[in-house]
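Undergrad: Before we start, here is the structure in question, set down as structure tokens.
In this note's numbering, the protein residues as written are 1 to 797.
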């Protein structure tokens with residue numbers, strides 16, 4: 001059977017080109033994406049940034065521990081307390097460090113204030129000027145020069161200081177005050193910095209605090225959470241792309257092999273008539289797949305890793321991967337896995353084709369032509385209808401019971417993918433009526449060629465479906481996914497806007513929050529009602545076993561003894577909720593109302609500002625009182641915020657900016673996955689045209705014998721391909737309309753009528769590409785066929 005398989009590959013090489021290309025691309029993608037995934041997963045965390053030169057750092061324990069029936073449940077605190085003054089007194093050689101919001105009014109944003117004694121611990125040194133000696137002097141790491149008189153924004157407000165020195169720059173901009181002034185601005189001790197032996201420090205600290213050494217010190221860096229998010233985002237995006245690459249490669253290879261086996265139906269029957277058993281037929285098919293896959297997987301596994309650095313740089317440039325990783329992993333494991341996965345993909349993809357080939361009866365070798373009694377096997381009917389039912393039920397459940405989940409792409413995008421997959425599986429069943437409808441103009445106006453095209457498209461439904469299905473996928477994927485992404489973004493923007501009951505918002509611009517002086521000035525604006533929002537967290541014990549940290553807002557509209565949770569907490573109005581606040585304080589709060597269901601905000605609850613136990617307010621919501629002058633209120637707000645590095649925006653401006661930011665971040669990942677899918681569907685389209693060319697050779701010879709000239713034969717081939725493309729486009733439009741209609745109905749309950757923004761430019765380019773491939777490639781194949789026939793005739797002569 002191996003000899004026969006190799007002979008088949010040599011003679012019918014054209015039938016296996018598409019499979020080979022798909023496997024090479026799949027293995028290369030798996031190797032490249034796997035290399036990137038190995039990089040993001042295996043890369044060490046960023047080295048300590050805040051305390052690079054301090055060997056021992058003492059901080060508070062900063063954990064919440066709650067006893068449960070399974071033992072103590074412990075999680076980190078969102079707002080850990082500082083180190084006690086008594087412990088600081090026990091470590092007289094340690095440097096007291098305080099880290100607090102402090103930003104120059106005209107300098108770089110995002111800086112922090114620290115005591116002057118912590119300068120060496122921060123890995124900095126004085127490069128100009130001198131140390132601060134009075135409480136109105138500071139040293140900055142940028143944004144001012146010695147001798148400048150500048151405004152500094154802290155939690156208390158704005159105050160003028162004299163810059164007496166400039167420190168060396170680091171990853172964290174700092175403003176250094178005298179130790180006395182720093183203690184006044186931030187009484188809490190954030191860390192004790194020691195150069196004493198670790199054992200001595202641990203002995204002195206005991207269980208009063210936590211001692212950090214080595215890489216543990218990086219836990220205190222301000223970018224710690226963002227670094228973790230960047231790593232998780234990269235792992236998620238690359239993992240999804242990897243899964244799609246494997247899935248779509250299986251689909252393309254399976255379709256290619258099924259088409260190839262269908263072309264060899266009579267050949268299989270002859271082998272059966274010659275004495276081949278069904279098992280031998282299956283082994284022959286598997287051997288063919290194995291030979292092709294070994295060569296293709298080896299090529300992909302060898303070339304894929306070379307694309308990993310460029311792919312990783314592309315992700316970093318778009319903020320989809322960590323930027324502190326400067327080298328891609330050199331692990332060989334992804335290449336080995338890509339080689340193995342390429343072979344496995346091929347063998348899995350040909351299971352159905354091999355089974356169908358083994359069921360061919362020997363008597364079928366006596367047929368002159370293969371009749372298409374049934375365009376679809378029962379297994380495909382079952383799989384297609386099952387997939388369709390799953391998609392429709394999921395759409396109905398989402399629209400009726402959980403419309404809020406439709407705003408989450410991870411929830412609804414798989415439903416659209418299921419619907420498109422169902423359409424691809426059931427395409428042969430609807431190709432004939434669709435083709436008959438589309439070819440009526442050909443029958444009436446196309447003359448003899450038109451009648452032949454109409455007859456071929458409807459009688460050879462399987463061949464038409466083989467070309468229409470990749471067109472369906474190529475058009476439906478961008479139409480449905482891009483339009484759905486735009487709709488969900490719009491719905492989230494509307495839901496977010498509904499959750500903000502304000503005419504104007506005051507937001508920090510480069511500072512940690514809104515300082516106390518600014519909020520007091522905002523509250524004094526005539527004709528305005530001001531409500532501040534402070535971001536924090538609370539903890540709940542789920543099932544009496546697991547502590548869950550829930551994002552929470554502190555707002556003035558909630559009393560100190562109350563809480564406003566989400567409905568999924570399971571509470572009703574009037575119930576008492578047991579929660580732990582951000583600093584670990586246990587309390588019981590009365591549920592006075594529930595947050596609106598289906599809101600797109602990430603907030604899980606609201607508490608009073610006192611119970612927020614957090615830092616500065618992140619937002620001020622301003623309502624213009626009845627009868628007030630909006631223009632005058634806006635002008636007064638801008639004057640109040642002018643020297644505090646805060647921005648005043650209308651609700652519409654804020655909503656548009658939030659929607660644009662969300663759409664930009666999500667669209668990049670979607671385009672990456674969509675690019676992989678479209679590449680594979682294009683390969684499938686080209687492969688179908690190339691593999692189907694030999695089947696059309698007999699038809700072309702018949703047309704020539706009947707008197708058709710070369711132009712008529714070419715027009716016939718082009719018209720037949722265009723009909724198949726048109727069928728695919730119509731089916732793609734139908735499935736996209738069905739999926740987007742279900743999404744629109746679900747979003748209607750969340751955000752009201754959502755505009756449908758169809759990506760016409762992208763769709764126009766995709767459809768044009770399909771038409772170009774379907775017209776140019778048949779013409780090239782026809783010319784190659786004529787050249788081959790001419791050379792054959794010349795050699796015979």
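Here a beta-carbon is modelled for each residue, glycine too, at the ideal position from N, C-alpha and C. These numbers come from a predicted model, not from an experiment.
Report the three-state DSSP secondary structure of residue 51 (helix, strand or coil).
TA: coil
Undergrad: So, with DSSP's three-state summary, where would you put residue 583?
TA: Correct three-state label for residue 583: coil.
Undergrad: Pick out whichever of 470, 132, 556 and 305 has its Cα sitting closest to the Cα of residue 610.
TA: 556
Undergrad: Closer than 8 Å by C-beta to residue 44: which residues in its own chain qualify, once you throw out the five before and the five after it? Chain order, please.
TA: 215
Undergrad: Grab me the residues of residue 751's own chain with a C-beta within less than 7 Å of its C-beta, minus the 5 sequence neighbours each way, in chain order.
TA: 491, 494 and 495
Undergrad: Excluding sequence positions up to five away, which residues of its chain have a Cβ less than 7 Å from the Cβ of residue 173?
TA: 108, 110, 111, 141 and 142
Undergrad: Determine which residues share a DSSP beta bridge with residue 137 and list them.
TA: 162
Undergrad: Could you round the C-beta distance between residue 337 and residue 30 to whole angstroms and report it? I think they count as a contact, below 8 Å.
TA: With 8 Å as the limit, residue 337 and residue 30 qualify as a contact, their Cβ atoms being about 7 Å apart.
Undergrad: Along the chain, where does the beta strand (DSSP E) containing residue 184 start, and where does it finish?
TA: Counting along the chain, residue 184 falls outside any beta strand (DSSP E), though it belongs to the alpha helix (DSSP H) covering 179-185.
Undergrad: Going by alpha carbons, who is nearest to residue 543 out of 66, 319 and 340?
TA: 66
Undergrad: Label residue 687 either buried or exposed according to how many other C-beta atoms from any shown protein chain fall within 10 Å of its C-beta, with 16 as the threshold for buried.
TA: The residue in question, residue 687, is buried, as its Cβ has 16 or more Cβ neighbours within 10 Å.
Undergrad: Tell me whether residue 213 is buried or exposed, calling it buried when 16 or more other Cβ atoms sit within 10 Å of its Cβ.
TA: exposed
Undergrad: If you scan the segment 263-303 from start to end, which runs of the beta strand (DSSP E) of 3 or more residues do you find wholly inside it?
TA: none
Undergrad: What span of residues does the beta strand (DSSP E) with residue 537 cover, start to end?
TA: Per DSSP, residue 537 is one residue of the beta strand (DSSP E) stretching across 528-542.
Undergrad: Tell me, which residues are paired with residue 151 by DSSP?
TA: 160
Undergrad: I need the DSSP call for residue 369, collapsed to helix, strand or coil.
TA: Because residue 369 carries a pLDDT of 47, less than 50, the predicted location of this residue cannot be relied on, and the following value inherits that uncertainty. Reduced to three states, the DSSP call for residue 369 is coil.
Undergrad: At which residues does the beta strand (DSSP E) containing residue 336 begin and terminate?
TA: Per DSSP, residue 336 lies in no beta strand (DSSP E); the unbroken alpha helix (DSSP H) holding it starts and ends at 333-349.
Undergrad: Helix, strand or coil: which one does DSSP assign to residue 222?
TA: The three-state secondary structure of residue 222, taken from DSSP, is coil.
Undergrad: Among the candidates 345, 472 and 407, whose CA atom is the shortest distance from the CA of residue 727?
TA: 472
Undergrad: Output yes or no for whether 8 Å exceeds the beta carbon distance between residue 516 and residue 105.
TA: no
Undergrad: Between residue 333 and the rest of its own chain, which residues show a CB-CB distance below 8 Å, the 5 nearest in sequence each way excluded?
TA: 34 and 38
Undergrad: By alpha-carbon positions, which one of 63, 69 and 72 ends up nearest to residue 81?
TA: Answer by Cα proximity: 63.
Undergrad: Considering only the beta carbon of each residue, do residue 178 and residue 120 sit closer than 8 Å?
TA: no
Undergrad: Starting from the Cα of residue 20, find the closest Cα among 225, 293 and 203 and give me that residue.
TA: 293
Undergrad: Might you give, ordered along the chain, the residues of its own chain that have their beta carbon closer than 6 Å to the beta carbon of residue 130, omitting 5 neighbours on each side?
TA: 164 and 165
Undergrad: Please report the distance separating the alpha-carbon of residue 438 from that of residue 771.
TA: 16 Å
Undergrad: What are the partner residues of residue 547, as DSSP defines its beta bridges?
TA: 541
Undergrad: Might you give, ordered along the chain, the residues of its own chain that have their beta carbon closer than 8 Å to the beta carbon of residue 478, omitting 5 neighbours on each side?
TA: 674, 678, 759, 762, 763 and 766
Undergrad: Could you tell me which residues DSSP puts in a beta bridge with residue 129?
TA: Looking at the DSSP assignment, residue 129 forms a beta bridge with 165.
Undergrad: For a test of the three-state rule: what should DSSP assign to residue 97, helix, strand or coil?
TA: strand
Undergrad: Considering only their Cβ atoms, is the gap separating residue 645 from residue 103 smaller than 8 Å?
TA: yes
Undergrad: Under 8 Å: do the segment 84-98 and the segment 550-568 share three or more Cβ pairs, one atom per stretch?
TA: no
Undergrad: Would you mind listing the beta strand (DSSP E) stretches within the segment 638-663 that are 3+ residues and don't spill past its ends, in chain order?
TA: 646-650
Undergrad: Going by DSSP in three states, residue 325 sits in which element: helix, strand or coil?
TA: coil
Undergrad: Determine the closest residue to residue 282 out of 321, 218, 347 and 239, with distance taken between C-alpha atoms.
TA: 347
Undergrad: Between the beta-carbon of residue 209 and the beta-carbon of residue 83, is there less than 8 Å?
TA: yes
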